[in-house]
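Peer 1: Here it is, the structure in full.
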Amino acid sequence: MIIVALLLPMVLGALLPAINFKNRRSHGFYIEGAVLICAALGAWALLKAPAPATLSLLGGQSLALLSDGAARILGLTFCVLWPLATLFALEYMVHDLRQDVFFARYIALLGPALALCVSANLLTLLIMYHLIHFGSLPLSSHSSGERAQIAARRQLYYQLVSLVLTVAGYVLLLSAGARGRFVYGGGLDTAVNERLRIAFVLLALGFGIGAAQFPFHSWLPQVTTGPTATTALIHDVLLVSSGAYGLARLVYWCFGTGGLTGTWAQWGPLALACLTIVYGSIMAFRVDELKPRLAYSTASNMGYVFFGLLLMTPQGLTGGLLHLIFHALAKMTLFLAAGTFILRTGVHTVQDMRGTASRLPVTTTAFTVSSFSMIGLPPLLGFLSKWTLAQAAGAQNSVLAWVGMGALLISAVLTCMYLLIPAVEAIWISRSADALPSRAVGGPIDISLMLLTLMILGLAFVNSPLFDAVSRVALGQG
Amino acid sequence: MEGLLLIIAIVLPIVGGILVFLVPWLNENRKDRSAFVFAVMMLECIVVSLITLDSPRRLVLFEITSHLPIALLSDSTSSVFSLIVALMWTVSGFFSFRYMQHEQNERSYYGFYLLTLGSLMALTLSGTMVTMYLFFEMMTFISVPLVLHTRTKEAVAAGIKYLIYSVAGATMGLLGIFVLTPNLTTPYFVMGGSLNLQALTISQEALLVVIFITLLGFATKAGMFPMHGWLPTAHPVAPAPASAVLSGVITKAGVFCIFQMIFYVIGPDFIRGTWVQTALLICATITVFMGSMLAIDEKMLKKRLAYSSISQVSYVLCGLFMLDKTTFGGALLQLVFHALAKNALFLCAGAIIYKTGLQRVDEMQGLGRRMPVTMGLFILCALSLVGIPPLGGFISKWYIAEGALGSSMPVFSWLVPVVLLISALLTAGYLLPPSIMAFFGGMVDGEAVSTLSRAESSTVMLVPIALLALALLVLGSMPAALIDAFSGMANLLF
């Protein structure tokens, strides 16, 4: 069953260019319907926790799938976000000539995305991780402009480095006698030696590239030149989350925290995460173009996740996972809102956003609400994840943990600056009416933005159960 | 339900504000809207009075996680603050009904005015640190539109400055909340604090550093040096009645947070005698002096009043940071009397702008002849701010000075009274000359002052100012009830 759920998106995606639709309407219904079916089936397969599926390969290696708590957390997030982003893309991509190809790839990526979540060993995870990243390249280069091509090429180079690092790490891991099977707690605690630590750092760096961690972050702001629908769902949610999720599996399910805590293998990546948090926020504040600004913000927020994961405590894992899913939701909303601004007003920079709010009430509301969530205004979800991360850092009580807490707080102020100032200026600066687009409400874009906004607000009321569920997963009980 | 009143006190103005935004017929007629806003504020005053008369209550609203409750608390402290908030809001709101007629976007003004009241009320009734943080941030976000009101470039820049300073301050406060939470025996506010001294997760020195940053962060809203930069920019650009509450009331929100942190979370004994107390006192005394010095040099009336707020609110902080029963009483008295006087002064400035358009102190010559009642009330409130008996301001400063002199703190036992005295002279220096010029100036634009015609403010504008001045006079000459109440609180908290 789980295999069907993973393959269906690719099949339905591949069929799309082959079908000849009578009109735009049925075309749209097919795409949205296909995504909804895939997402529903995926969610069902995740929740039903089917028996593990294993495929043996040469040399004792195998591909294995298993749905556990952590898989459900990220997988269900994807299953919710995919249909919403597709809904947005339906209106956003309307005038694109190659939209069939676009949607085919868009839908198909849900397959490896879910497979990544349910990977039961490191090899499967790595394959899915690279499949996702390389599979996203055609989407990155979808627009024919020169900037998009350069950006996609840069993404490719970074991804090749990531491939080299992860393969080297994996080979080292095998040569040290470890198997890479995912069991909560890892079980390598006492066996961890310097060679395994090197393997860990290589793998962590490889995942760090995927999550745009400093100093390997620069591909992410560059690829924002593509269509916003891609940036919002694929680049800034799927790709970076896959990196962070990989690290989570690596630390807590493959290595275990015992052999790494307190060694350079922890401090090194942790320091980079702290740097990313602050650096990303500062760059987001300095960049004037809207989409790269949000992309830098993504890098910074993935820094939060990495920071939490690398604290190597269950509490840190809870905070990291919470921030991972919350960020996916809020950042996608922000990007979709930014994309709407760009689509409807033709502005690309924060400066030009001034005074446009009166014509785009839904978009501005979505932007503002998700900004508040990013800043961490309780009881919105952003507060819970930052709170958990800070508590985990405080409990760690080491120098870098305190530095990280400081970075978290500084970044919170910067977040307010780079997100709320545009919102304030968009809403409160008056602008002559003729320079603005006409009001247009009610299309798929507005529906998806409204749904996302409502979801952010609604999740504020389920803080407690969500926290309990993620905590259970982080303690290996879920 | 037991705590229903607390919820009503918060929800009532918020619903009122939302209705102003959403219901079209409320905005068709200015009179209808004014009546509605006034009714909401009066009801709010009644609800808050009922809460004050009621016994202390605690109410858990919901839980973020099982260790992070969002809860409300009403006791004597919250009553003091929420009463000030509700009353000052009503008075300034009443003044707005006429004043705002010459501004645009009245609807959004009243909407945000009521929403800010709701969030401020929630802040004064908050019962845990996270609740306080939540409503502190909310109050910032909701009050920014009041600063932005005129939508000019200057206003937007001021609003953004206000936003950034406030969020930075709140974030510094959040650091304290992060670090203190695992070190407390209970997440709820408890009189005398709930620091778990036996099982601190970090060293006492580190905790003191964190506490210092926290208190400094919350002091941003109170305009304390070195976090005061936003205040003189943001307060004057708002419409006058909004400046009045920003300066007279919202600065007290910062004081409230500091108050809760010291007396309900950390406990005064943990800070007493440490470098944190010294450092905070240094900041506060510097602010008292600096605010007055800056005010003297400022020519715009509203901006001068804003600088004055920086100085006067730090009197309150001085009194609190001494951690002494007498100065504590003085601080709370100063809180009340400054709110009254500063509200009234900003409303006077608003009345002057409304009638004559004059904004600079050097243009005020002859104003006393044109608007005798307004200027008379202006002088009365200015005298209270300086600290002339029998007005309110005298008593508060007396208690702060007396408490300081009687305390055992080295240096500050004499430094605080000296700075207070100098600042009082400076206050006289920046408020009285323009008022006197208003009555005795010789020539305006080549015309003798005596020939100017009268252009007194309307009654709707004078009544709120007169009420505030009257309160200063009455409470100043018969302060026994207030002093009793505040020394009662002091006995509970120390």
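Which chain is which? The protein sequence lines are A and B, in order. Just so we're aligned: 278 in this note's numbering is position 278 of the first sequence, and the numbers increase by one with no gaps anywhere. So the mapping is simple: this note's numbering equals the position in the second sequence, first residue as 1, plus 478. All residues carry an ideal CB built from backbone N, CA and C; glycine is no exception.
(1) Pull up the distance between the alpha-carbon of Thr711 (chain B) and that of Ala784 (chain B), whole angstroms please.
(2) Take Phe78 (chain A) as the anchor and find which of A:Val240, A:Phe306, A:Val192, A:Leu174 has the nearest alpha-carbon.
(3) If you reduce the DSSP assignment to three classes, tell me which class Arg932 (chain B) lands in.
(4) Is it buried or exposed for Pro361 (chain A), if we count other Cβ within 10 angstroms and need 16 for buried?
(5) Looking only at DSSP bridge pairs, what is Thr606 (chain B) linked to?
(6) Taking Gly637 (chain B) as the query, report the chain A residues whose CB atoms sit under 8 angstroms from its CB, ordered along the chain.
(7) Below 8 angstroms on the Cβ atoms is my contact criterion, and I expect Lys875 (chain B) with Gly726 (chain B) to pass it. Report the Cβ-Cβ distance as a whole number of Å.
(8) Following the continuous alpha helix (DSSP H) through Ala902 (chain B), name the residue where it begins and the one where it ends.
(9) I need the DSSP call for Pro547 (chain B), collapsed to helix, strand or coil.
(10) Between the beta-carbon of Leu779 (chain B) and the beta-carbon of Arg847 (chain B), is there less than 8 angstroms?
(11) Under the assumption that Ile427 (chain A) contacts Ser373 (chain A) (Cβ atoms under 8 angstroms), give the Cβ distance between them as a whole number of angstroms.
(12) Where do the ends of the alpha helix (DSSP H) carrying Phe806 (chain B) lie?
(13) Closer than 8 angstroms by C-beta to Ile37 (chain A): which residues in its own chain qualify, once you throw out the five before and the five after it? Chain order, please.
(14) DSSP on Asn121 (chain A), reduced to helix/strand/coil?
(15) Quick one: is Ser544 (chain B) near chain A, going by C-beta distance under 8 angstroms?
(16) In chain A, which residues lie less than 8 angstroms from Arg629 (chain B) when you measure between Cβ atoms?
(17) My understanding is that Tyr643 (chain B) touches Met705 (chain B), with C-beta atoms under 8 angstroms, so please give their C-beta distance in whole angstroms.
(18) Let me know the secondary structure DSSP gives Thr349 (chain A) once reduced to three states.
(19) Please classify Leu626 (chain B) as buried or exposed, where buried requires at least 16 other C-beta atoms within 10 Å of its C-beta.
(20) Does any residue of chain A have a CB that is nearer than 8 angstroms to the CB of Thr756 (chain B)?
(21) Whose Cβ in chain A lies nearer than 8 angstroms to the Cβ of Tyr611 (chain B)?
(22) Taking 7 angstroms as the limit between beta carbons, can you name the residues of its chain near Pro292 (chain A), skipping five residues before and five after?
(23) Which chain D residues are close to Ala412 (chain A), counting only those with a beta carbon under 7 angstroms from its beta carbon?
(24) Can you pull the chain B neighbours of Gln391 (chain A), defined as C-beta to C-beta under 8 angstroms?
(25) Grab me the residues of Ile857 (chain B)'s own chain with a C-beta within less than 6 angstroms of its C-beta, minus the 5 sequence neighbours each way, in chain order.
(26) Given a threshold of 16 other Cβ atoms within 10 Å of its Cβ, counted over all protein chains shown, does Thr54 (chain A) qualify as buried or as exposed?
(27) If the criterion is Cβ atoms closer than 8 angstroms, does the pair Lys803 (chain B) and Ala684 (chain B) meet it?
(28) Starting from Ser62 (chain A) and walking both ways along the beta strand (DSSP E), at which residues does that stretch end?
(29) Starting from Leu779 (chain B), find everything on chain A with Cβ-Cβ shorter than 8 angstroms and list it in chain order.
(30) Would you mind giving the Cβ-Cβ distance between Val733 (chain B) and Cys796 (chain B), rounded to the nearest angstrom? I have them listed as a contact below 8 angstroms.
(31) Is it the case that the segment 863-880 of chain B contacts the segment 803-813 of chain B, given that we only count it when at least three CB pairs across the two stretches are under 8 angstroms?
(32) What are the start and end residues of each continuous beta strand (DSSP E) run of 3 or more residues lying completely inside the segment 243-298 of chain A, in chain order?
(33) If you count every other CB in all the chains shown that lies within 10 Å of the CB of Glu194 (chain A), and 16 or more means buried, which is it?
(34) Kindly list the residues whose CB is nearer than 8 angstroms to the CB of Ala757 (chain B), restricted to its own chain and excluding five residues on each side of it in sequence; keep chain order.
(35) Would you call the CB atoms of Leu945 (chain B) and Val569 (chain B) closer than 8 angstroms?
(36) For chain A, is any of its Cβ atoms less than 8 angstroms away from the one on Ile488 (chain B)?
Peer 2: Result, derived from the coordinates:
(1) Position 233 of the second sequence, counted from the first residue, corresponds to residue 711 (chain B). Position 306 of the second sequence, counted from the first residue, corresponds to residue 784 (chain B). When the Cα atoms are used, Thr711 (chain B) and Ala784 (chain B) turn out to be separated by approximately 8 angstroms.
(2) Here residue 78 (chain A) refers to the residue found at position 78 of the first sequence. The candidate whose alpha carbon is nearest that of Phe78 (chain A) is A:Val240.
(3) Here residue 932 (chain B) is taken as the residue at index 454 of the second sequence, counted from 1. Coil at Arg932 (chain B), not helix or strand.
(4) Position 361 of the first sequence, counting from 1, holds the residue named residue 361 (chain A). Around the CB of Pro361 (chain A), fewer than 16 other CB atoms lie within 10 Å, so the residue is classed as exposed.
(5) Within the second sequence, residue 606 (chain B) is the residue found at index 128, counting from 1. Under DSSP, Thr606 (chain B) forms a beta bridge with B:Tyr666.
(6) Within the second sequence, numbered from 1, the residue matching residue 637 (chain B) stands at position 159. Going along chain A in sequence order, the residues near Gly637 (chain B) (Cβ under 8 angstroms) are Val424, Trp428.
(7) Here residue 875 (chain B) refers to the residue found at position 397 when the second sequence is read from its first residue. Here residue 726 (chain B) refers to the residue found at position 248 when the second sequence is read from its first residue. About 17 angstroms separates the CB atoms of Lys875 (chain B) and Gly726 (chain B); that is not less than 8 angstroms, and the two are not in contact.
(8) Along the second sequence, read from residue 1 onward, the residue named residue 902 (chain B) stands at position 424. Note, Ala902 (chain B): alpha helix (DSSP H), 890-918.
(9) Against the second sequence, residue 547 (chain B) aligns to sequence position 69. Three-state result, Pro547 (chain B): strand.
(10) The residue given as residue 779 (chain B) occupies position 301 in the second sequence. The residue given as residue 847 (chain B) occupies position 369 in the second sequence. No, Cβ-Cβ distance for Leu779 (chain B) and Arg847 (chain B) is not below 8 angstroms.
(11) Position 427 of the first sequence, counting from 1, holds the residue named residue 427 (chain A). Position 373 of the first sequence, counting from 1, holds the residue named residue 373 (chain A). Wrong, their Cβ atoms sit about 18 angstroms apart, outside the cutoff.
(12) Walking along the second sequence from the start, residue 806 (chain B) turns up at place 328. Run containing Phe806 (chain B): 803-834, per the alpha helix (DSSP H) assignment.
(13) Your numbering for residue 37 (chain A) matches position 37 in the first sequence. Result list for Ile37 (chain A): Leu8, Leu12, in chain order.
(14) Taking the first sequence and counting its residues from 1, one reaches residue 121 (chain A) at position 121. It is a strand residue.
(15) Within the second sequence, residue 544 (chain B) is the residue found at index 66, counting from 1. Chain A contact via Cβ: present.
(16) Within the second sequence, the letter at position 151 stands for residue 629 (chain B). Taking the beta carbon of Arg629 (chain B) as reference, the chain A residues within 8 angstroms of it are Trp428, Ile429, Ser430, listed in sequence order.
(17) Residue 643 (chain B) sits at position 165 when you count from the first residue of the second sequence. Residue 705 (chain B) sits at position 227 when you count from the first residue of the second sequence. 7 angstroms between Cβ atoms; contact.
(18) Start at 1 with the first residue of the first sequence, and residue 349 (chain A) comes out as number 349. Note: Thr349 (chain A) maps to strand in three-state DSSP.
(19) Residue mapping note: residue 626 (chain B) aligns to position 148 of the second sequence, counting from 1. Label assigned to Leu626 (chain B): buried.
(20) What you label residue 756 (chain B) is simply residue 278 of the second sequence in a count that begins at 1. With 8 angstroms as the cut-off, Thr756 (chain B) does not count as an interface residue toward chain A.
(21) In the second sequence, the residue the question calls residue 611 (chain B) occupies position 133. Pro378, listed in chain order.
(22) As a first step, residue 292 (chain A) is located in the first sequence; it is residue number 292 there, counting from the start. Here the set comprises Pro221, Thr224.
(23) Here the protein chains are A and B, and chain D is not one of them.
(24) As a working note, residue 391 (chain A) is residue 391 in the first sequence. Around Gln391 (chain A), the beta-carbon contacts reaching into chain B at under 8 angstroms are Phe656, Thr659, Pro660.
(25) Indexing the second sequence from 1 puts residue 857 (chain B) at position 379. Only Ser913 meet the Cβ criterion.
(26) Start at 1 with the first residue of the first sequence, and residue 54 (chain A) comes out as number 54. With fewer than 16 other Cβ atoms within 10 Å, it is exposed.
(27) Along the second sequence, one-based indexing puts residue 803 (chain B) at 325. Along the second sequence, one-based indexing puts residue 684 (chain B) at 206. No, Cβ-Cβ distance for Lys803 (chain B) and Ala684 (chain B) is not below 8 angstroms.
(28) On the first sequence, position 62 is the one that residue 62 (chain A) refers to. 62-65 is the extent of the beta strand (DSSP E) around Ser62 (chain A).
(29) The residue labelled residue 779 (chain B) in the question sits at position 301 within the second sequence. Within 8 angstroms Cβ-Cβ: nothing; Leu779 (chain B) doesn't reach chain A, min ~25 angstroms.
(30) Start at 1 with the first residue of the second sequence, and residue 733 (chain B) comes out as number 255. Start at 1 with the first residue of the second sequence, and residue 796 (chain B) comes out as number 318. So it is not a contact: roughly 11 angstroms between Cβ atoms.
(31) Enough Cβ pairs lie closer than 8 angstroms, so yes.
(32) Listed in chain order, nothing qualifies, since the segment 243-298 of chain A has no complete beta strand (DSSP E) run of 3 or more residues.
(33) The residue given as residue 194 (chain A) occupies position 194 in the first sequence. In the assembly as shown, Glu194 (chain A) is an exposed residue. Its beta-carbon has fewer than 16 other beta-carbons within 10 Å.
(34) Stepping through the second sequence from its first residue, residue 757 (chain B) is reached at position 279. Short of 8 angstroms from the beta carbon of Ala757 (chain B), and not among the five residues preceding or following it, lie these beta carbons of its own chain, in chain order: Phe690.
(35) Reading the second sequence from its first residue, position 467 is the one you call residue 945 (chain B). Reading the second sequence from its first residue, position 91 is the one you call residue 569 (chain B). Closer than 8 angstroms, so yes.
(36) Along the second sequence, read from residue 1 onward, the residue named residue 488 (chain B) stands at position 10. Between Ile488 (chain B) and chain A, the shortest Cβ-Cβ separation is not below 8 angstroms.
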